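Enquirer:
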Amino acid sequence: MASTPRKPLIQRSPMPGLGLSMGITIAMLSIVVLIPIGALLTRGALFGPENMWGVINRDRVWAALYLSFRLSFLAAVFNLVFGVLLAWVLARYRFPGRRLLDAAVDLPFALPTAVAGIALTALYAPNGLFGQYARDIGLALTGTGWKIAYTQWGIFIALVFVGLPFVTRTVQPVIEEVEREVEEASATLGASRLYTLRRVIWPTLAPAALTGFALALARAVGEYGSVIFIAGNIPMRTEIAPLLIVIQLEEFNYDGAAAIGIAMLVISFVALLAINLIHIWSRRRIGNV
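Okay, here's the thing in structure tokens:
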């Protein structure tokens, strides 16, 4: 009696199918991101373009927007350079205190922003640990004491503090995956360290570095808690755009807050779009090298 051929077992994935996964993803994305942004844009549309422009087209608002995005960009550039260097040190070298330094990188993630602002102000205020040295050095060199807290330098330091982990944690795993044999082979073939860095290492790190830069920039633009303590909040000088939004909300001017928020949203979208285009261009260029 001939045996009936058995059907091959079909290995099923324990994960849900595409339809269910896509549905859950779209639902969560809508609740967390799309619906709040849609509500903001709807509020602005009901307020009217002319009224929105009337709120935005004021010297105080333009000064706050320019200050927020300029210092956020400068802080993100600083974090890009120093964050990649820090990630390289943590990934490639073993030294006493390395684990402690590695854990300290994550501190801005866990520390409440208000606590960070108070701590930075205590350090950089004119009578603080670092602030008094800056004052004394300024008096010795220029005859006037240098101030860090309650100036744009204080805002810059706060934005660097909150944005640095984004670059370091994005780049560090990529550095750990780069095989040292590739670098040794490049050196064996007579390539200089600069050539190896530019042609071998950087093409691998560039996508992660740009991603970290974008994350640090986005984090800095929306930062509020740590900045208001150290900024001084002087209109036209050290007042950031998120603070203007809070002021509008405290005055129950929700339409004005929505107008400033939409302006920040548009500028942020353009900036992140430009970064993504540079990211795509760099990947294509690296692929053709």
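If you're matching positions, the sequence shown starts at 1 in full-length UniProt numbering and goes up one per residue.
Glycine residues also receive a C-beta, built at the ideal position from the N, C-alpha and C atoms.
From a predicted model like this one, the values you see are computed outputs, not experimental measurements.
Classify R135 as helix, strand or coil using the three-state DSSP reduction.
Expert: In this structure, R135 counts as helix in the three-state DSSP scheme.
Enquirer: Would you check if there are 3 or more beta carbon pairs closer than 8 Å linking the region 82 to 102 to the region 164 to 176?
Expert: yes
Enquirer: Whole angstroms is fine: what's the gap from L194's alpha carbon to A187's?
Expert: 11 Å
Enquirer: Using a Cβ distance threshold of 8 Å, determine whether the region 30 to 46 contacts the region 248 to 266, with at least three qualifying pairs required.
Expert: Touching, yes.
Enquirer: When you compare each of T144, A158, V270 to Y150 by their alpha carbons, which one comes out closest?
Expert: A158
Enquirer: Work out the CA separation of H279 and G38 for me, nearest whole Å.
Expert: G38 and H279: Cα-Cα distance of roughly 27 Å.
Enquirer: Taking buried to mean at least 16 other C-beta atoms within 10 Å of its own C-beta, is R219 buried or exposed?
Expert: Burial is judged here by how many other beta carbons sit within 10 angstroms of a residue's own beta carbon; R219 has at least 16 and is buried.
Enquirer: Looking at C-alpha atoms only, which residue of A76, L18, L40, S30 is the closest neighbour of G256?
Expert: L40
Enquirer: Unbroken alpha helix (DSSP H) runs of length 4 or more, entirely within the region 101 to 183: which are they?
Expert: 107 to 110, 113 to 124, 131 to 142, 152 to 177
Enquirer: When you compare only the Cα positions, how much space is there between G131 and T144?
Expert: 13 Å
Enquirer: To the nearest angstrom, how far is the alpha carbon of A208 from that of T170?
Expert: 6 Å
Enquirer: On the DSSP letters alone, give me the boundaries of the alpha helix (DSSP H) that F229 sits inside.
Expert: 225 to 231
Enquirer: When you compare each of D59, G19, G54, A185 to P235 by their alpha carbons, which one comes out closest?
Expert: Of D59, G19, G54, A185, the residue nearest in Cα terms is D59.
Enquirer: Does the distance from the C-beta atom of E223 to that of V160 stay below 8 Å?
Expert: no
Enquirer: For I35, is the classification buried or exposed, using 16 other Cβ atoms within 10 angstroms of its Cβ as the cut-off for buried?
Expert: Exposed, since its Cβ has fewer than 16 Cβ neighbours within 10 Å.
Enquirer: Report the residue from R99, Y66, E181, I228 whose alpha carbon sits nearest the alpha carbon of I267.
Expert: Y66
Enquirer: Run the CB neighbour count on F95, radius 10 Å, all protein chains shown included, and call it buried at 16 or more, exposed below.
Expert: exposed
Enquirer: I'd like the span of the alpha helix (DSSP H) that includes N79, first residue to last.
Expert: Under the DSSP assignment, N79 falls in the alpha helix (DSSP H) whose first and last residues are 59 to 92.
Enquirer: Here's the rule: buried if 16 or more other CB atoms are within 10 angstroms of the residue's CB, otherwise exposed. What is Y124?
Expert: buried
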